[in-house]
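Protein chains in written order, with the working numbering: chain U, 91 to 505; chain F, 91 to 505.
One structure is given here, and the rest of the page talks about it.
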């Protein structure tokens with residue numbers, strides 16, 4: 091095992107040498123909510139350049155993250171599946187929102203000035219004819235329309251309505267625009283990074299409290315409840331993702347809600363959170379040994395820590411997601427393990443808990459400054475007994491800057 | 091205004107006469123988590139009857155609520171858009187899950203015994219060929235496959251992968267199965283009702299505390315944070331939806347997160363929550379006048395209360411969603427108002443914050459016992475100054491049983 095060269099709060103010389111800038115240690119001042127209009131103007135200008143390169147006349151947006159990306163409209167109302175929301179982003183000009191009546195007042199508070207709405211719900215014509223009319227008015231009789239259709243995308247409108255829309259728009263053609271939205275969203279602005287960093291700071295502070303929260307005998311569900319409350323108290327807006335596991339020596343199910351089983355000496359406890367501030371996620375976990383860690387668990391943990399270091403060492407503009415994967419995988423395999431069932435060793439992060447790219451052997455996305463990424467090495471000590479470790483960083487010109495406060499080098503023990 | 095005939099905790103004679111059974115007042119004992127296998131067997135049997143009637147050989151499920159409905163798999167991991175999850179529900183036989191590797195351990199803990207998984211993420215073939223092979227193996231060379239394509243549904247897989255799947259399944263045809271899933275999910279089992287009732291009890295208790303939490307001068311965001319923490323402390327698993335507004339004399343934006351504006355005397359404060367216990371939502375709101383209510387706000391509130399009574403009076407098996415709408419609308423219009431911009435006056439409720447049906451003039455869904463519904467009359471006192479009121483109930487043979495503890499008859503004042 092290599093020595094930890096990643097500092098918590100101070101910039102060590104060897105950390106700078108390794109290019110791993112320290113995590114922010116400023117006092118917890120929440121970044122301003124929302125964005126200046128210039129942020130949306132920049133996003134639009136970037137989108138329009140990419141659309142022109144791709145030969146698209148417009149993007150048709152139906153999903154929460156993309157609608158918010160271009161408009162700034164933030165709402166939990168997307169929980170309701172009843173009504174579709176549409177945004178038309180033309181290759182030239184400003185976006186037009188076509189939204190249900192309930193959405194008019196909040197969208198009118200954003201920078202969007204062309205808003206059309208229909209009385210909704212109205213399943214017999216749920217915005218479809220209004221959208222088609224709007225598209226004809228703005229784009230004319232023929233247009234190449236981009237709709238995200240590729241990996242990690244969905245269409246948030248009923249399939250039958252999408253078919254009806256296409257039927258109403260003879261002369262229009264629909265093309266996959268995944269690369270456009272992916273290119274835009276993968277690289278974060280400083281204002282976005284600040285929000286993610288803030289969320290990471292809140293979660294880092296709460297993880298530091300866990301040795302005082304998680305004690306043997308307590309049901310896991312109560313520990314998770316206490317963690318969630320602490321995250322909110324410290325300024326998180328929401329905790330849409332708080333999962334984990336506790337099992338003797340390691341765990342294999344990393345995505346389930348906590349059960350009533352009491353935490354037991356010998357367990358490895360893992361808590362993973364996607365906490366949100368102003369619509370931006372952190373996504374990292376921490377592991378704890380309940381009582382003295384056994385050798386296997388300690389070695390598994392140390393391997394994951396070393397794998398993370400290996401990825402931080404090579405995370406530079408020009409490296410790829412695949413490079414990060416292979417750096418981590420090599421450490422895991424060299425230490426005698428197989429990678430866990432997560433299927434990747436980290437991913438993008440931002441308005442969603444997980445975003446493109448994926449650190450897998452086949453994802454050759456080239457890393458550029460402004461990308462916010464997780465490193466999430468996992469391994470199986472034996473079948474059904476695994477461990478996963480995660481950190482968040484933003485890539486800078488000279489290397490990674492940690493956003494999560496680095497986990498301890500050795501598996502922390504809760505006594 | 092009519093007198094309130096709806097009791098809080100006791101069964102009044104006139105309430106029974108009106109068929110409005112009292113809200114549960116039992117002590118707060120959380121229902122057992124999960125469901126017995128018999129619940130899933132019943133759901134499958136009902137689904138298979140409906141599929142046979144509709145001439146479908148199988149349902150292809152991709153969405154969280156439907157996957158959970160048939161399997162019991164509950165996870166916040168659906169937050170990650172990277173990986174699709176598939177469930178094949180055949181018209182004869184047991185369901186087969188086709189899930190990413192990370193999903194194998196938790197799905198293996200459900201009653202599903204046929205689980206296939208692929209190493210994911212793998213965007214070049216994200217489960218599509220495995221799903222196609224599985225469908226051919228189970229359904230043979232030709233089959234009529236039901237996919238929800240209608241109102242309130244989406245397909246949770248990339249469009250391009252759906253097209254590829256259809257290309258791989260020559261001989262298969264794909265048909266809208268919205269009516270099948272809608273018929274199933276609209277009518278709740280007693281075990282489901284118990285979970286919703288429990289969530290409603292928790293939220294009712296917390297709403298009772300709001301006069302002590304919401305005081306003039308406090309920023310709205312801090313009030314909402316305190317409410318969220320209180321909901322968690324009292325046993326809620328999550329608060330995915332907590333929205334509202336506070337504005338002088340009434341509000342018009344009912345779906346936005348709270349801002350930093352301090353609560354001010356003369357405001358009407360509305361807090362609306364979709365709180366969750368074991369995967370089941372409540373969805374109701376409460377209004378409060380900060381300081382003495384002005385006449386217009388008090389009259390608007392009383393009208394909404396009376397509109398709710400009008401709907402409770404006629405909520406019987408055999409009535410329709412449209413009947414509920416018209417009963418509420420009549421009271422609103424007779425009192426000199428227009429309905430608000432919500433577009434409907436209530437809806438279904440369960441595994442999602444909102445479900446079919448919608449109380450609109452054109453939704454003629456026939457109400458049957460076991461449906462859990464909201465009544466959500468809204469009105470505008472003047473443009474931009476509105477109010478919305480909401481209650482939750484389950485329909486019984488003899489009428490509605492309130493699940494939310496009824497709001498006070500008069501707009502409560504916080505002094």
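Glycine included, every Cβ here is placed at the ideal spot set by N, Cα and C.
6 Å Cβ shell around residue i - same chain, five flanking residues per side excluded
i                      : result
residue 395 of chain U : 499
residue 401 of chain U : 414, 417, 418, 465
residue 232 of chain U : 261
residue 123 of chain F : 368
residue 94 of chain F  : Any reading at residue 94 of chain F is ruled out, since the residue's pLDDT is 35, under 50, leaving its predicted position unreliable.
residue 246 of chain F : 152, 153
Listed by chain order, chain U residues near residue i by CB distance under 8 Å
i                      : result
residue 464 of chain F : Going along chain U, no residue has its Cβ under 8 Å from residue 464 of chain F, so there is no contact; the nearest lies around 11 Å.
Buried versus exposed, by CB contacts within 10 Å (16 or more), residue i
i                      : result
residue 455 of chain U : buried
residue 451 of chain U : exposed
residue 505 of chain F : exposed
residue 301 of chain F : exposed
residue 132 of chain U : exposed
residue 298 of chain U : exposed
residue 426 of chain U : exposed
residue 382 of chain U : exposed
residue 385 of chain U : exposed
Between the CA atoms of residue j and residue i - distance to the nearest angstrom
i                      : j                      : result
residue 485 of chain U : residue 227 of chain F : 46 Å
residue 507 of chain U : residue 372 of chain U : This structure cannot settle anything about residue 507 of chain U, because the visible part of chain U is limited to 91 through 505.
residue 501 of chain U : residue 380 of chain U : 10 Å
residue 143 of chain F : residue 137 of chain F : 10 Å
residue 176 of chain F : residue 151 of chain F : 6 Å
residue 408 of chain F : residue 478 of chain F : 27 Å
residue 445 of chain F : residue 357 of chain F : 31 Å
residue 442 of chain U : residue 169 of chain U : 14 Å
residue 494 of chain F : residue 378 of chain F : 17 Å
residue 127 of chain U : residue 204 of chain U : 15 Å
residue 497 of chain F : residue 460 of chain U : 49 Å
residue 503 of chain U : residue 346 of chain U : 23 Å
residue 376 of chain U : residue 439 of chain U : 17 Å
residue 287 of chain F : residue 213 of chain F : 41 Å
residue 430 of chain U : residue 421 of chain U : 13 Å
residue 389 of chain U : residue 476 of chain U : 12 Å
residue 398 of chain U : residue 119 of chain U : 28 Å
Own chain partners of residue i with C-beta closer than 7 Å, once the 5 adjacent residues on each side are dropped
i                      : result
residue 295 of chain U : 324
residue 224 of chain U : 178, 186, 188, 206
residue 211 of chain F : 172, 173
residue 436 of chain U : 414, 449, 463, 464, 465, 466
residue 145 of chain U : 234
residue 129 of chain F : 279, 281
residue 327 of chain F : 366, 367, 368
residue 181 of chain U : 138, 141, 142, 146, 147, 148
residue 255 of chain U : 218, 221, 222
Under 7 Å by beta carbon: chain U residues contacting residue i
i                      : result
residue 342 of chain F : 195
residue 246 of chain F : 244
residue 482 of chain F : Within chain U, no residue comes near residue 482 of chain F; the closest Cβ sits about 15 Å away, beyond 7 Å.
residue 423 of chain F : The premise fails here: residue 423 of chain F is roughly 16 Å from chain U at the closest Cβ pair, so nothing lies under 7 Å.
Per-residue contacts from residue i into chain U (C-beta, under 9 Å)
i                      : result
residue 250 of chain F : 239, 240, 241, 243, 266, 268
residue 456 of chain F : Going along chain U, no residue has its Cβ under 9 Å from residue 456 of chain F, so there is no contact; the nearest lies around 16 Å.
Near the ligand HEM: residue i beta-carbon under 7 Å from a heavy atom
i                      : result
residue 294 of chain U : For the ligand HEM, the structure offers nothing, since it holds no ligand at all.
Per-residue contacts from residue i into chain F (C-beta, under 9 Å)
i                      : result
residue 333 of chain U : 165, 166, 167
residue 323 of chain U : 315, 319
Beta-carbon neighbours of residue i, restricted to chain F and to distances below 8 Å
i                      : result
residue 443 of chain U : 169, 170
Same chain, Cβ closer than 8 Å to residue i, five either side skipped, listed in chain order
i                      : result
residue 219 of chain F : 258
residue 331 of chain F : 362, 363, 364, 365, 371, 373, 443
Proximal chain F residues relative to residue i, where beta-carbon distance stays under 7 Å
i                      : result
residue 432 of chain U : 192
Task: Cβ pair count under 8 Å reaching 3, the segment 483-495 of chain F against the segment 360-371 of chain F - done: no
Task: Given 8 Å, three or more beta-carbon pairs between the segment 265-282 of chain U and the segment 224-241 of chain U - done: yes
TODO: Take every Cβ of the segment 468-476 of chain U, pair it with every Cβ of the segment 326-342 of chain U, and state whether three or more of those distances are shorter than 8 Å.
DONE: yes
TODO: Count the C-beta pairs between the segment 155-164 of chain F and the segment 187-203 of chain F that are closer than 8 Å, then say yes if the count reaches three, no if not.
DONE: yes
Open item on the list: Assess contact between the segment 343-355 of chain U and the segment 302-312 of chain U, defined as three or more Cβ pairs (one per stretch) separated by less than 8 Å. Is contact present?
Closed with: yes
Open item on the list: Three Cβ pairs or more, each shorter than 8 Å: is that satisfied between the segment 273-289 of chain U and the segment 244-264 of chain U?
Closed with: no
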